[in-house]
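Chains as they are written, first to last, in full-length UniProt numbering: chain Y, 1 to 101; chain V, 1 to 721.
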C-alpha cells in the first residue's frame, strides 16, 4: 500500500489501528508501525495529523524495545540453562536435540 | 506453444540426467567405504553414560597409525594437521593410551582398533576390577568389610575401559585387505619422512556413530515418553531379554506364587557376556563354559529323574543379562517376591550355581559360599551338606572339589541376588580359588582359542563337530551333586554321566559355528535363518529377541524333554515342533514334537516396570539408539584450499549471472520463471566448478574429468546467441 495516495485522516487511523493492535501480544505490528510510518512522522513537512502519528510511532517503538528485551533475555537464559533444568527444560522444549545434553 | 514447451521439458530432462549421473560417479570416485564396521555404542544407567559418541555428520580425522605410546605425543601436541584419527594395533589398546587420547579429545577425531587374528599373550580385560559391585549382595548394609571387593579383587586385570565415556567414535577393524588399504594409504600420504611435515592431500577417515541418547537413563526414558513434540523419537531402549528355565518335575505355570509341598533346588548359570565393542561378545570362559555344563548336566539327569525321581524338584535356570547388574536374576527374584512366578522364594531349598568352569588347571574346582549367611547355623548346615554332595559326586572322576580355605565373599554370580532377598544356602562352582583365572574376562579375546578348543587341521565342519574336545567331567559332577541334593539315592549315581559328545557339539556350536547339523536338527524350521548369524552373547535390547536365548531354549527342550505327538496340558508342559533330521535317502526332514517343561520368563529389570529409573537396587542399563553407523576413507585437501575453491566458485557464478544480465537486462526477470534451460546451465556450471575443487580430494590413482573455464564460457555464449 502506498501511503502517498492516502489522505491524512486515513493515515492517522491506520497508524492508530496498528498501535492498538500491537497490545494484543503482537509486537511485529509495532515494528511495522515504526518502520512504515517513520518517514511520515519525522521526515515529511508538518501537517495537522503528524503530531498524533508521531506519538503513536514513538510509543510503538517503546513497546517494541520492551518486547525485544524481554524475548532476548528469555531466549538467552533458556538456551543456556535448558540442559541443566532437566525435566522442566524438556517439558518446555518443542524439539529436543539428539545426542547432546 | 506445444512444441516450445516440449523443447523446454526435453532440455530440462537432459540437464537433470547429466547432473544426476555426474553426482553419483563422483561420489564413488572419492570415497572408499568400509565394509566391516563394529562401533562402540553408548550405554546409559542411572547415573552415567558410557561408550562413544560422534558428531551427527561424522568425525573426520587425518589418519595416523600409532607406533608406540610415545607417538601419542604427535597426535596430542606436535602433529601439524589435527584432528587425527588414530589407528591402533591391539597391543596398544590400553587404558593409559586411551586415557591420554580422551584427555586430548579436541585433537582426536576418533580411534580405530585393528583386532588381531590371534589372542595376545598377556591378559587384557576392559571390564571393571570388581564386576557388578553395587547390585550384588555385598553392600554396606550387608557387611561393610566385604563390600567393593575389599577382600578379593575378582578381576585384577580389569582396565575399566568398557565403562569410560569417550567423545569420539571408536571402531574395530578386522586385520584383512581393507585394513591393509588403510595402512597403505597412510604410508603413501601421511607419513612424516625424516622430520618433514607431511604435505596435503592427506589420507583421512570419517566415522559415523552418532548416538541419540545422552546423560543418563532417567533423561532418555523421559525423552522417549514426551507426547506433545511434533516428531516423537525414541532415543534409548532398556537392555533385557528372556531367562530360560525348566524343571525335572512339571510345575503348573499358570498358577503363580507359592506352591505347597514343592521344594526346589535351583541350578543356575549365566548366558550372556560383553566386550568393549557392540555385539562382539564371544564369552567363552565367562558364559559358555557355565551354561554348556548345565545343559549337559540336565541331559545327564533326564533318565535318573524319570525313573527314580528324587524328593525335591530341580529347577534349571539360565539367566540373561547378568553382565549388566544382574538383569535376569534380579527380575526372577522380583517375580518370585511378587507372586508372578511359578514358585516362591519359600519354595527354594538351595541354589547351586555354575560360574566360569572352562579353565580347569589340574582339574580343580572351587566351591564358593557366602560367609555372612553361613553365620546362621541352619544355613551353614545346609551349605555343608551341599558341599558334601559335591564331594561325593566327584569321587572317582578325577576331579577335586574344594572350598577356597579362607573366608571369602562370593564372586559375582546370580546367587547374590537370591541372597539379597533372603539367606538361602547355596554354592557357586568356579575354576578359580580367589581372583579370576580368566585373563580375558568380558573381552573380545575370550573365545574358543582361549579355551584351547582346537581341532586337527583338515577336518570338515562335520568332522569337527564330532571331534571330542572335552571330557564332560564337570557336568557329571554337577549332575550327580544335584541328584543327591534333591534327595536322590546314592546308588543311582553310577548311572548319571554327562555325554562328552553332547558337550563337544555344544561347545562347537556356540563358539565356532552355530550353523551345524546337530543344532539344525533340534530347532523349529523357521529358526533356520537365525543360525547363520555369528553367535554373540550380548544381551541386547529388550525388544530384540536374542538368537542365543532361543537356541538354549530349544536345546534344553530336546535334552530334557521327550517326543510326544499330542499337545495336551499346556499348564504343565511346553511343546516345540523341531525339524529333525532328514533320513538317508531323502532330503525332506522328518519333524517331531518335543514335550518339555522349558519356559521363558521375561528378563527386564524391575526398575523399568516400577518406572524407577534412578534405582540403586536394580539394573537401569539402557542402550542408545542411532541413525547410521558407517565409515569411509578418502583424501582430504587442506582447509585453505577448500576455502579458496569455494570463493572461486562463488565468484564464477556471480560473473555468469552478470554476463547474462548484461546481455539482456530483462533476462533476469525471465530467468526465474521461464527459462529452465539457462538456469540449468548455470547450475551445471557451478557444479562443475565444484568438481574442480573436489579434484583435490580425489582418491589415489584416479583422474577426474574437469572442463576448463574457457570451454564453459564458450558453451554459454553459444547458448545465448
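For every residue, glycine included, the Cβ atom is placed at its ideal position computed from N, Cα and C.
By the C-beta density criterion, residue 306(V) is exposed, having fewer than 16 other C-beta atoms within 10 angstroms. Interface with chain Y (8 Å Cβ-Cβ cutoff): residue 528(V) is excluded. Non-local C-beta neighbours of residue 540(V) in its own chain, meaning closer than 6 Å and more than five positions away in sequence, comprise 546, ordered along the chain.
Counting other Cβ atoms within 10 Å of its Cβ, residue 278(V) reaches 16 or more and is therefore classed as buried.
Bounds of the alpha helix (DSSP H) holding residue 53(Y) are 50 to 81. Distance from the Cα of residue 47(Y) is smallest, within the candidate group 11(Y), 90(Y), 91(Y), 101(Y), for 11(Y). Per the coordinates, the alpha-carbon of residue 657(V) lies some 20 Å from the alpha-carbon of residue 11(V). Proximity of chain V to residue 100(Y) at the Cβ level (cut-off 7 Å) is accounted for by 214, in chain order. Rounded to whole angstroms, residue 388(V) and residue 127(V) show a C-alpha spacing of 34 Å. Per DSSP, residue 390(V) is one residue of the alpha helix (DSSP H) stretching across 377 to 393.
At a Cβ-Cβ threshold of 8 Å, residue 411(V) and residue 428(V) count as neighbours. At least one CB atom of chain V sits nearer than 8 Å to the CB of residue 87(Y).
Inclusion of residue 46(V) and residue 613(V) in the CB contact set at 8 Å is warranted, their separation being smaller than that value. For residue 34(Y), the enclosing alpha helix (DSSP H) covers residues 27 to 38. Two segments are said to touch when three or more pairs of C-beta atoms, one from each, lie closer than 8 Å; by this definition the region 331 to 350 of chain V does not touch the region 101 to 120 of chain V. With a minimum length of 3 residues, the unbroken runs of beta strand (DSSP E) contained wholly in the region 91 to 126 of chain V fall at 108 to 115. Taking C-beta atoms as the reference points, residue 34(Y) and residue 57(Y) count as a pair closer than 8 Å. The beta carbons of residue 507(V) and residue 470(V) sit about 6 Å from each other, so the pair counts as a contact at 8 Å. No Cβ of chain V is located within less than 8 Å of the beta carbon of residue 75(Y).
The beta carbon of residue 20(Y) lies closer than 6 Å to none in the same chain, with the five residues before and after it left out.
Here the alpha carbon of residue 538(V) sits roughly 7 Å from the alpha carbon of residue 280(V). Annotation: the continuous alpha helix (DSSP H) that includes residue 518(V) extends over 517 to 520.
In this structure, the alpha-carbon of residue 216(V) lies about 19 Å from that of residue 276(V). Pairing residue 333(V) with residue 610(V), the inter-Cα distance amounts to about 15 Å. One thing to note: residue 62(V) has its Cβ no nearer than 8 Å to the Cβ of residue 97(V). Residue 638(V): not part of any beta strand (DSSP E); DSSP gives it neither H nor E. With respect to the 8 Å criterion, residue 329(V) and residue 422(V) are not classified as neighbours on the basis of their beta carbons.
Shown here, residue 622(V) sits in a strand according to DSSP, grouped into three states. In the DSSP annotation of this structure, residue 237(V) is not part of any alpha helix (DSSP H); the continuous beta strand (DSSP E) holding it starts and ends at 236 to 238. Secondary structure at residue 483(V): helix, using DSSP grouped into helix, strand and coil.
With respect to chain V, the C-beta atom of residue 96(Y) has a partner C-beta closer than 8 Å. Taking all protein chains in view, the Cβ of residue 180(V) is surrounded by fewer than 16 other Cβ atoms within 10 Å, so the residue is classified as exposed.
Rounded to the nearest whole angstrom, the C-alpha separation of residue 374(V) and residue 425(V) is 8 Å. Residue pairing by DSSP places residue 245(V) opposite 317(V), 599(V) in a beta bridge. Going by C-alpha positions, residue 299(V) is about 18 Å away from residue 394(V). For residue 402(V), the enclosing beta strand (DSSP E) starts and ends at 400 to 402.
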